[in-house]
Amino acid sequence: MIRVLLVDDDQELTGMLSQYLEREGFEATAVHTGEEGEVQALSGRYSIVVLDVMLPGLSGIEVLRRIRAVNQVPVVLLTARGDNIDKITGLELGADDYVPKPSSPGELVARLRAIMRRVQPADQPTSEVIRTGPLVLWPGKRQAQWHGRELAVTSTEFSLLEELARCAGQVVSKQDLSLNALGCPLTRYDRRIDVHISSIRHKLGPRPDTKAWIQSVRGLGYLMIAEQ
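Numbering (UniProt numbering), first residue to last: 1 to 228.
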């Protein structure tokens, strides 16, 4: 059972979403303040968090910041339609995805299922290891090491790293990254891939030659530098 925490001050909306999610096989719990959302998100009881950006008092962005300071539970933001600042800020702070409000419950469910498929891959052998340079990935366990130390990444960042590492030394298009790592096609003006890659680059740091480990290839996509 996938347990979903809804954090939104709109009680009518959370009631409707809870009913829809439960019909779709999820278990949903709603809280209505940022403070409650932070406590519940860090309780370890939930598989994924749906977090409204525009909360009274403690904002959704601040709640996300506090969650990410402690753990990597998947977070989907509910953002005002067209508010690109909140979307980009949220992704930079480690949100896995966002859904604009108002949106259909079906779209939210599709995003939740896509993220949970990445977090809980069905047929991934736990013994598989991907190595490229100082990066080591265990896809079955969703664990990453960088220079022999644990690398803290979100579920979406892990999926992007996995796609790039499997194709190290080759260009991977943004469309392929979006389909294989995010579970949805790339749309016009969609910056999610770029923002997630920027976050990953920051966590990896520069190479000894000061270049980024993940290179942008203009008009094509991204390339992870391959090293043995």
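Don't be surprised by glycine CBs; every beta carbon is placed ideally from N, CA and C.
The structure presented is a predicted model; accordingly, all values stated were derived computationally and were not measured.
- If you look at Y98, you'll find it isn't in any alpha helix (DSSP H); it sits in the beta strand (DSSP E) that goes 97 to 101.
- An exposed status is given to V217, since fewer than 16 other beta-carbon atoms sit within 10 Å of its beta-carbon.
- Segment contact: the region 43 to 53 against the region 1 to 17, three or more CB-CB distances shorter than 8 Å; contact assigned.
- In this structure, the CA atom of E128 is about 44 Å from the CA atom of D10.
- Secondary structure at D194: helix, using DSSP grouped into helix, strand and coil.
- By the neighbour-count criterion, in which 16 or more other beta carbons inside 10 Å mark a residue as buried, K141 falls on the exposed side.
- G57 sits away from G25, with the two beta carbons spaced by 7 Å or more.
- Taking a 10 Å sphere around the C-beta of H147, we find fewer than 16 other C-beta atoms and assign the residue as exposed.
- In its chain, beyond the 5 residues on either side, A212 have a beta carbon closer than 7 Å to the beta carbon of P206.
- Put simply, the backbone Cα of K174 is about 14 Å away from that of T156.
- Per DSSP, M16 is one residue of the alpha helix (DSSP H) stretching across 11 to 23.
- Cβ neighbours of V70 within its own chain (closer than 7 Å, five residues either side excluded): L42.
- The three-state reading of DSSP puts V129 in coil, since its state is none of H, G, I, E or B.
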